[in-house]
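K.L.:
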Amino acid sequence: MIPLQLTLKNFLSYRDIALDFRGLHTACICGSNGAGKSSLLEAITWTIWGKSRTASDEDIIHTGAEYVRVDFQFICYEQTYRIIRSRPRGKNNSLDFQINSSSGFISLNGKGVRATQDIIISTLKLDYDTFINSAYLRQGRADEFMLRGATERKKVLAELLKLDQYQTLAEKAKDLSKQYKGQFEQIKFSLDKINQQIEDRKNINNQLETTNEAIEKLRDVQQIDREKSQKITEKDSHRQAWLEQLKWHQNKWQILEKETQKLSQEKTELGERIHEAEIIIDQEKEITEKYEELLILQKQEENLSNKFQLSQELQQKKQKLEKEILTINNQLQLKINREKTGLQQLEETEKNLQKIINQSEDIKVAVQKLTHHRQRLQELDKLQHKVAPLLKQKQKLETELEKIKANLEAKLEQYNNLEIQYNQELGKIPERRQLLLKLDNEIQEIDNQKVYQKRIREKSQEKKIIQEKLVINKEHCIEKIEELQQKVNLLSNPDSICPLCEQKLDESRRHSVINKTHQEQQTLQEQIWILQEEISVMQRNIKSLIIEDKQLDTNLQKLGNIQQEFSQIEAQLDQAGEVKVKLKKLHKEKECINNLIATETYGIETQRDLETINMRLEQLNYDEQSHGLTRGEVDRLRWAEIKQSKVEDAIRDRRKISQQKPEIIAQIEHLETELKNLETDSKLTQDANNIEKEIKDLNYDRAYHQRISSYIRKSQSCVIDYQKLQDIKEQYPRLQEQFANISIRIDNNKEEQENTEKFIEQLSSQLDTIEDHSQEIKILETKLKEQRKTLDNLLAERGKIEQSLSQLDSLKKDQQEQEKQYNKVRKQYRVYTELTTAFSKNGIQLLMIENVLPQLEAETNQILSRLTGNQFHIRFVTQKVGKSGSSRKKSTKMIDTLDIIISDDKGSRAYETYSGGEAFRINFSVRLALAKLLAQRAGTTLQMLIIDEGFGTQDAEGCERLIAAINAISSDFYCILAVTHMPQFKEAFQHRIEVYKTNQGSKINLVS
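Take the sequence shown: its position 395, counted from the start at 1, is 394 in numbering that gives the first Met the number 0, and no numbers get skipped.
(1) Spell out a yes or no on whether the region 47-65 and the region 7-19 are touching, meaning 3 or more CB-CB pairs, one atom from each, closer than 8 Å.
(2) Is the region 348-367 touching the region 633-641, taking contact as three or more C-beta pairs under 8 Å?
(3) Near leucine 674, what residues of its chain come up, given a Cβ to Cβ distance below 8 Å and the 5 sequence neighbours on each side ignored?
(4) Let's test the definition: count the other Cβ atoms within 10 Å of the Cβ of proline 853 and tell me whether it reaches 16, buried, or not, exposed.
(5) Would arginine 991 and alanine 169 be called neighbours here (beta carbons separated by less than 8 Å)?
(6) In angstroms, rounded to a whole number, what distance separates the CA positions of lysine 557 and isoleucine 975?
(7) Identify the continuous beta strand (DSSP E) that holds lysine 8 and give its terminal residues.
(8) Can you tell which of Asn305, Arg337, Lys257, Ser106 has the C-alpha that lies nearest to the C-alpha of isoleucine 663?
(9) For the putative contact between isoleucine 355 and leucine 677, defined by C-beta atoms under 8 Å, what is the C-beta separation to the nearest angstrom?
(10) Taking the continuous beta strand (DSSP E) assigned at leucine 18, which residues delimit it?
(11) Rounding to the nearest angstrom, what Cα-Cα distance links glutamate 268 and glutamine 253 in this structure?
(12) Classify aspartate 700 as helix, strand or coil using the three-state DSSP reduction.
(13) Taking tyrosine 699 as the reference, which of Leu293, Cys29, Leu303, Ser55 has the closest Cα?
(14) Thinking C-alpha only, which one of Leu489, Asn560, Leu407, Val487 is nearest glutamate 441?
(15) Applying the criterion that 16 or more other CB atoms from any shown protein chain within 10 Å of the CB defines a buried residue, is alanine 114 buried or exposed?
(16) Hey, could you find the ends of the beta strand (DSSP E) lysine 996 is sitting in?
(17) Exposed or buried, what is serine 709 when buried is set at 16 or more other beta-carbons lying within 10 Å of its beta-carbon?
(18) Between the Cα of isoleucine 612 and the Cα atoms of Asp696, Lys395, Ile119, which residue gives the shortest distance?
(19) Check for me: the beta strand (DSSP E) holding lysine 1002 runs from which residue to which?
(20) Got a sec? Which residues, its chain only, sit under 6 Å from alanine 977 by beta carbon, not counting five neighbours each side?
(21) To the nearest angstrom, how far is it from the Cα of isoleucine 280 to the Cα of glutamate 292?
(22) If we call anything under 8 Å between Cβ atoms a contact, is isoleucine 759 one with leucine 255?
(23) Would you call the CB atoms of phenylalanine 34 and valine 1006 closer than 8 Å?
(24) Ends of the alpha helix (DSSP H) at arginine 865?
(25) In chain order, what residues of the same chain lie with their CB nearer than 7 Å to the CB of serine 885, ignoring the 5 residues before and after it?
(26) Would you give the residue range spanned by the beta strand (DSSP E) that alanine 977 belongs to?
(27) In whole angstroms, give me the CA-to-CA distance for glycine 270 and glutamate 751.
(28) If you draw a straight line from the C-alpha of leucine 804 to the C-alpha of glutamine 786, how long is it?
(29) With contact counted as at least three CB pairs below 8 Å, one residue from each stretch, are the region 343-360 and the region 647-665 in contact?
(30) May I have the straight-line CA-CA distance separating arginine 68 from lysine 931, to the nearest angstrom?
(31) Using DSSP bridges, identify the partner residues of phenylalanine 71.
(32) Output the distance between the C-alpha atoms of aspartate 117 and asparagine 99, rounded to the nearest integer angstrom.
(33) Over what stretch of residues does the alpha helix (DSSP H) that includes phenylalanine 871 continue unbroken?
(34) Beta-carbon within less than 8 Å of isoleucine 186's beta-carbon, same chain only, minus the 5 sequence neighbours each way: which residues are those?
(35) Along the chain, where does the beta strand (DSSP E) that runs through glutamine 343 open and close?
(36) Measure the alpha-carbon distance for alanine 1009 versus glutamate 668 and round it to whole angstroms.
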């Protein structure tokens, strides 16, 4: 990703700025703390990925602004892209991803912000986490990897390499493994249960046979009892017929009895109703008279109700007119009061205006003074316009002189430090020469050990070949012994045949052959023992040679460090001659700078320009104090202009008031006349009087109306009595007819009831002569019922047994299917158990870290050599010897770790013992190497590098080396941005982006 242009609107401390990266290869972003240096970089991450250091996107918006917008143009994979991200306050983000084409920028957006974000990440092949851990070296994170312990360091590296996805896969595999384990255990339990059920099949078959026998026996007994019951029932059928006939007549008699009782009750009720009807018919004249009187009163009440309705309508009209008169009266009163209040206000305003007009003379004098001072101020302002550029130029020249002097003093201080360092370097030359001779001797000794190691390995290889031959001979002897044993087994049979001549062996010859075979076996066994002893001796020799080889490997591992140290010292001695030349040149330059500072002969042209400006200022004779006093007088007397305008306004307003007062007085008199006429001669008042007269003419008596209404309500019962009389007159003939019919029916029922009673007595006497078998039939029916119940139970039992056998047949099929399922699930369990181990920290994750570390180590040492002049070397160790649990145990255990060993010219020591500057250079090398590695793993090239780290821990030489390292790696990047506030860093970069704060927000200034 190569940046082209960044445009910010209301982002954090920035209001509206644009930064063009074109032509910037290595640039420094400088400014005071809090000016907004890091905010420029945060704008890039927020635009591309929507992430920043703030807790909420709402906090990104500049204070007082209503929205934020950032545009970022860049090149990626030889294509030009533009991302625009914005957010109104209180709303959601909007995102626009565009690509440059021949017709301009074209949108590549997806459906929604999230889909567009996914398109951006897939296009760049770079997510936020990879960017901040690769291209963006953020503040305070350089030593994050180094300061952690070995275990935590491994964890940080795993996070940077995004190995947590393997841990997620391991956990998923573990969960699936547990799931499949539970499944196959459940299937196994089910299979055991099925097997147990299948084994019980024999018992179930026996139960079925027993049940079938019991069913057959019970059916035979039941058939005998059923035939017996049928015979007895046939004998008892004639008696049953007589009994049924008797029951039918008894039921008939009871029905007749109930019907007679019911008819007698109905007859009594009808008699009562007829009596009541006769009483009401006797009162017919009285009821009719009351009803006719009620009709007359209802007509009178209807007439009074019409008068009442008309009276109510007239009253409403009257009230409406009175309300309208009252409303108009209130409106006129309100207008009169408002006009009187306005008149009072005008009179008070007139008095206040007169007070202002009385001050006109004093104000006139003050205005004349203001005019005089204002003319003087205009003259001084013109003079200031001439003087201001000269003063600004003077200040600029003085600043340039101070800057030149400060640069000379800084350069002199830097030369002093370099002189001390050069002298220290020259003082180390004898010691380095001695160390170089010592290292040369060590290298020769290690070369001799290499030759000796080669001989040991050759010897070990020879012994391994001999050992293999001995093992082959031993195996050959074992095979021969087995063949002879087979021969003995064949000969041990008395009818055995000779394997050579195929003739039957006699007893003596068979024993002779067997003894001979045993002797051959014994000879071969002794040979095996000898071979085994030789193999054991050979294994011990090989083991001792391997141990010696490992010891030599351990010694030879030092060769790389010694050779590197030898090269470093050799390079340092080669540089010693250059140091002497530099020191002489340094002395000359120091002497020159001291002369310039002492004689103040630096910046001659600037000093001449400064003298010219001072002469011009003396000629103009501008006094800033007089200018300030005059401006103060103008400001002090400015009140006179305001007061004068107020006097003019007061005179104008007084004239207007004089014109308005007569009009208001006339309006008040007119309104009072209207109010008086409203109460006496208005049309509304006349209409209200006419309605009052109409109400009197109606002559409506409300009390009389209420009395008639009350009497009508009380007399409503006579209407009911009249209606009831009419109904009874209509029903009376029917009631008499019903009474006569019921009497006839009662007489008929009594006669029929007597005949039925006589027939029942005859049937009862005939039944006494017939034999009763009902008890015997009842016993047999009970017995058959119990037999039927027992048979049903047996049949149900047989059905259950047959169902069990059917289930066992289906269980056999289930058994086969579950066995297949069991094998399948168990296989899945084993697979996911293996995957859990493979994806764990000690599996693929460890393997990937071990594969990455050599690349990281090589890249780190390459960068570190540039920063330290080949003085430091870093090595990553992933395994170390653990502490033995017991002193008797000679075997040692290797444990996993991630230790960092740092070597310099004094040997290897812990990272914590290095100074701040040295530690920072080591951190910077590791961090930059990690950045390159992560970019490669993400499938992208690291074209931009942002270094947002503090460089304050570096001395002058460290700064020079760091700048040299940045310049050395600059060819690997299209754009490098470094954030700092140190002066020597500012001057070291070809381009500077200066950030400073103003009242309108942070601003930038691009200096080349």
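For glycine and all other residues, C-beta sits at the position ideal for the given N, C-alpha and C.
P.N.:
The answer reads as follows:
(1) Enough Cβ pairs lie closer than 8 Å, so yes.
(2) Taking one beta carbon from each stretch, the region 348-367 and the region 633-641 have 3 or more pairs nearer than 8 Å; the two touch.
(3) Within the same chain, leucine 674 has close Cβ partners Asn328, Leu331, Gln332, Ile335.
(4) With fewer than 16 other Cβ atoms inside 10 Å of its own Cβ, proline 853 counts as exposed.
(5) No. Outside cutoff.
(6) Whole-angstrom Cα-Cα distance: 38 Å.
(7) Here the beta strand (DSSP E) through lysine 8 covers 1-10.
(8) Checking every option, the nearest Cα to that of isoleucine 663 belongs to Arg337.
(9) Your pair isoleucine 355 and leucine 677 does not check out as a contact, with CB atoms roughly 43 Å apart and the cut at 8 Å.
(10) First-last of the beta strand (DSSP E) with leucine 18: 13-19.
(11) Going by C-alpha positions, glutamate 268 is about 23 Å away from glutamine 253.
(12) Secondary structure at aspartate 700: coil, using DSSP grouped into helix, strand and coil.
(13) When only C-alpha atoms are compared, the closest one is Leu303.
(14) The option with the nearest alpha carbon to glutamate 441 is Asn560.
(15) Looking at its Cβ environment, which holds fewer than 16 other Cβ atoms inside 10 Å, alanine 114 is exposed.
(16) Run containing lysine 996: 990-997, per the beta strand (DSSP E) assignment.
(17) With fewer than 16 Cβ atoms within 10 Å of its Cβ, serine 709 is classed as exposed.
(18) In terms of Cα proximity to isoleucine 612, the closest of Asp696, Lys395, Ile119 is Lys395.
(19) Start and end: 1000-1006.
(20) So the qualifying residues of the chain are Cys27, Ile946.
(21) Counting only the Cα atoms, glutamate 292 lies some 20 Å from isoleucine 280.
(22) Not a contact, by the Cβ cut-off of 8 Å.
(23) This sequence places alanine at residue 34; phenylalanine is not what is there. Going by C-beta atoms, alanine 34 is not nearer than 8 Å to valine 1006.
(24) Start and end: 843-867.
(25) Any reading at serine 885 must be qualified, since the residue scores a pLDDT of 45, below 50, and its modelled position is unreliable; no value is offered.
(26) First-last of the beta strand (DSSP E) with alanine 977: 974-979.
(27) So the two alpha carbons sit approximately 25 Å from each other.
(28) Whole-angstrom Cα-Cα distance: 27 Å.
(29) In short, these stretches touch, since the Cβ pair count reaches three.
(30) The C-alpha of lysine 931 is placed about 31 Å away from the C-alpha of arginine 68.
(31) Partner(s): Leu5, Ile82.
(32) Near 19 Å, if we compare the C-alpha coordinates of asparagine 99 and aspartate 117.
(33) Looking at the DSSP string, phenylalanine 871 is not in any alpha helix (DSSP H), and its letter there is neither H nor E.
(34) Only residues of its own chain outside the window of five on either side were considered, and among them Gln817, Gln820, Tyr821, Val824 have a CB closer than 8 Å to the CB of isoleucine 186, listed in chain order.
(35) Counting along the chain, glutamine 343 sits inside no beta strand (DSSP E); it lies in the alpha helix (DSSP H) bounded by residues 283-356.
(36) In the structure displayed, the chain extends from 0 to 1007; residue 1009 sits before or after that span and is not available.
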